[in-house]
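Working notes, beginning with the structure itself.
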Amino acid sequence: MKAEDVLKQYAAGSREFSALDLREINLGGANLSGADLSGADLSVANLAGANLSHADLSQTNLSVTKLNGANLSNAKLNGAKLSAANLTMADLREAKLVQAELIKAELTRSDLSGADLRGANLSNADLRDAKLRYANLSQTNLSRADLRHAILTEANLEQANLTSSDLSSTDLTGVDLNHAELRQTNLSRANLQGANLSGANLRWADLSGANLRWADLSGAKLSGANLTGADLSHATLLNATLVHVDLTRANLANADWSGADLSGSTMTGIKLHGVSPFGIKTTGATCRWLDLSQNGDQSQIYTFATESCQEYFNEMPPIVEVVIDARLDTDANCALAVTYQQVARQCGFLAPPPEIEAHLRRTTLTFRLERDEQLLIAAYVAIFPFEDNKMTQQTLMDLLHQIPTQKLSQDAGKIQQFQQLVTVLSQQVQQVNAVKLLQSIPIA
8 MKAEDVLKQY AAGSREFSAL DLREINLGGA NLSGADLSGA DLSVANLAGA
58 NLSHADLSQT NLSVTKLNGA NLSNAKLNGA KLSAANLTMA DLREAKLVQA
108 ELIKAELTRS DLSGADLRGA NLSNADLRDA KLRYANLSQT NLSRADLRHA
158 ILTEANLEQA NLTSSDLSST DLTGVDLNHA ELRQTNLSRA NLQGANLSGA
208 NLRWADLSGA NLRWADLSGA KLSGANLTGA DLSHATLLNA TLVHVDLTRA
258 NLANADWSGA DLSGSTMTGI KLHGVSPFGI KTTGATCRWL DLSQNGDQSQ
308 IYTFATESCQ EYFNEMPPIV EVVIDARLDT DANCALAVTY QQVARQCGFL
358 APPPEIEAHL RRTTLTFRLE RDEQLLIAAY VAIFPFEDNK MTQQTLMDLL
408 HQIPTQKLSQ DAGKIQQFQQ LVTVLSQQVQ QVNAVKLLQS IPIA
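Here you go:
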């Protein structure tokens, strides 16, 4: 069928053009809104600037077709073949492209906001400066695609394949990349704030300078990734794998990395304000200094005396354990809870509530802490509710005053820091001692 015949029939009210052979047809600028072109062969056709909004192009062959500037908003393109098609500046808002084939398609500056691209193949596609806000790209193949400067705000990329793709300077705010494949992907300077990257594979990815604030990277695989200068503040890195990762000068302030594996990583200059140094693996990691300042301005630096990160980081958090050679009855349990509550309310501090493990003839209270500095006061408070606490508390205070001569005699700076710690602890002890208990717990 010739272009003139198509336009004449359309003008006469016909919308049925399915399964037709329309190869190399010239319909540039034509109005075919709402037309049924499903199953038609429009390969190598010219549809530049055409109005195909709400048209049905399901299973249509549009390979190497010119669709630049075309209006395909709300069009049905499920299963369509668009490989090597020119869709530059095309309007594809809310279009249906489920399992469509867009290999090496030209989509620069196109608008795919709200489009459904589930399971589509966009490998090697050019999506530079494209808009994909709220698009559904779950299980889509975007391997080796060029997405530089694209906007994918709140897009769904769950289980998508982005291997070796270029997403540098791309806006990925709030995207869902749950269990996505991102090996060797370029995400340098990308905005991933609030993104869900849980379980994602980011091995050897370039995330240098990326914004990952508040991102969820729990269980993510980042071995060999480049995170130099990345902002990971408030990010969740629970059980993430960061083996041989470069974190030089990255910002991890207030991040949660419990259970993370940083073996062999480079950590020099990272910002760690509000981050627990415990519960992570750092075997073979290197770090010359850390920035612990609240504002990340290097006003509080921790310098490593040795090459081992273990002098600051530890896989096991500090704990205080109280072992009671009896099984606490109901009254004793209530008294214990009330006492710790009194201390917390009146003194304003207390370690997290203890884990209680009860056996037939023994009860164990375990306090899991975030910093070594909490150990002595936590131990002092932990034993406080019991009748025979005086001897143990005195032993703790004696130990506290013995530390300078044993450990710090050659370091004036550390002696000063320790003296400040002693002063704070002494004040805390006085506050604890001022608490009037409703009841003491006898140890049977």
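The sequence shown begins at 8 in this note's numbering and counts up one residue at a time. We treat Cβ as the ideally placed atom computed from N, Cα and C, and that holds for glycine.
Distance between residue j and residue i (C-alpha atoms, nearest Å)
i      : j      : result
Leu39  : Leu129 : 26 angstroms
Asn396 : Leu244 : 40 angstroms
Tyr17  : Asn203 : 46 angstroms
Leu372 : Ala386 : 11 angstroms
Gly80  : Asp178 : Per the sequence shown, the amino acid found at residue 80 is Ser instead of Gly. So the two alpha carbons sit approximately 22 angstroms from each other.
Gln401 : Phe393 : 14 angstroms
Leu109 : Ala102 : 14 angstroms
Asn85  : Ala127 : 9 angstroms
Pro361 : Leu335 : 14 angstroms
Lys278 : Lys228 : 21 angstroms
Glu328 : Phe391 : 13 angstroms
Leu194 : Thr370 : 51 angstroms
Asp338 : Ala365 : 15 angstroms
Anticipated Cβ contact below 8 angstroms, residue i with residue j, distance rounded
i      : j      : result
Asp133 : Leu104 : That belief does not hold up - the Cβ atoms of Asp133 and Leu104 are roughly 16 angstroms apart, past 8 angstroms.
Ser65  : Ala87  : 7 angstroms
His280 : Leu254 : Between Leu254 and His280 the Cβ distance is about 15 angstroms, and since that is not below 8 angstroms, they are no contact.
Val252 : Ala232 : 5 angstroms
Leu219 : Asp238 : 6 angstroms
Met323 : Thr293 : The Cβ separation is near 21 angstroms, so there is no contact.
Nonlocal neighbours in the same chain, by C-beta distance under 7 angstroms from residue i, ignoring five residues either side
i      : result
Ser172 : Leu149, Ser150, Arg151, Ala152, Leu154 and Thr192
Asp379 : Pro325
Asp268 : Thr248, Leu249, Val250 and Lys288
Asp43  : Arg22, Glu23, Phe24, Ser25 and Asp63
Leu74  : Leu54, Ala55, Ala92, Asn93, Leu94 and Ala97
Leu29  : Met8, Ala47, Asp48, Leu49 and Ala52
Ala312 : Glu318
Gly206 : Asn185, His186, Gly226 and Ala227
Tyr309 : Trp296, Leu297, Leu299 and Tyr319
Asn246 : Ser225, Gly226, Gly266 and Ala267
Chain-order list of residues whose beta-carbon lies under 6 angstroms from that of residue i (same chain, five-residue window excluded)
i     : result
Ile32 : Ala10 and Ala52
Cβ-based neighbour list, residue i, same chain, cut-off 8 angstroms, excluding 5 preceding and 5 following
i      : result
Arg140 : Ser120, Gly121, Ile158, Leu159, Thr160, Glu161 and Ala162
Arg100 : Ser80, Asn81, Asp118, Leu119, Ser120, Gly121 and Ala122
Thr235 : Ser215, Gly216, Asp253, Leu254, Thr255, Arg256 and Ala257
Gly35  : Asn53, Leu54, Ala55, Gly56, Ala57 and Lys73
Asn261 : Ser240, His241, His280, Gly281 and Val282
Asn143 : Ala122, Asp123, Leu124, Arg125, Ala162 and Asn163
Those residues which DSSP pairs with residue i across a bridge
i      : result
Glu318 : Glu318 pairs with nothing; no bridge assigned.
Phe374 : Val327
Ile384 : According to DSSP, Ile384 bridges with nothing at all.
Ala365 : Thr370
Residue-chain proximity (residue i, chain D), Cβ-Cβ < 8 angstroms
i      : result
Gln348 : The structure shown has no chain D; it contains just one protein chain.
Taking only runs that begin and end inside the segment 131-179, name each unbroken beta strand (DSSP E) of 3 or more residues, in chain order. none
What beta strand (DSSP E) runs, 3 residues minimum, are completely inside the segment 74-114? none
In chain order, which continuous runs of the alpha helix (DSSP H) of length 4 or greater are located wholly inside the segment 244-276? none
What are the start and end residues of each continuous alpha helix (DSSP H) run of 4 or more residues lying completely inside the segment 175-226, in chain order? none
Uninterrupted alpha helix (DSSP H) stretches inside the segment 32-60 (no shorter than 4 residues): none
I'd like the ranges of any beta strand (DSSP E) spanning at least 3 consecutive residues and lying wholly in the segment 286-348. 296-298, 308-310 and 326-331
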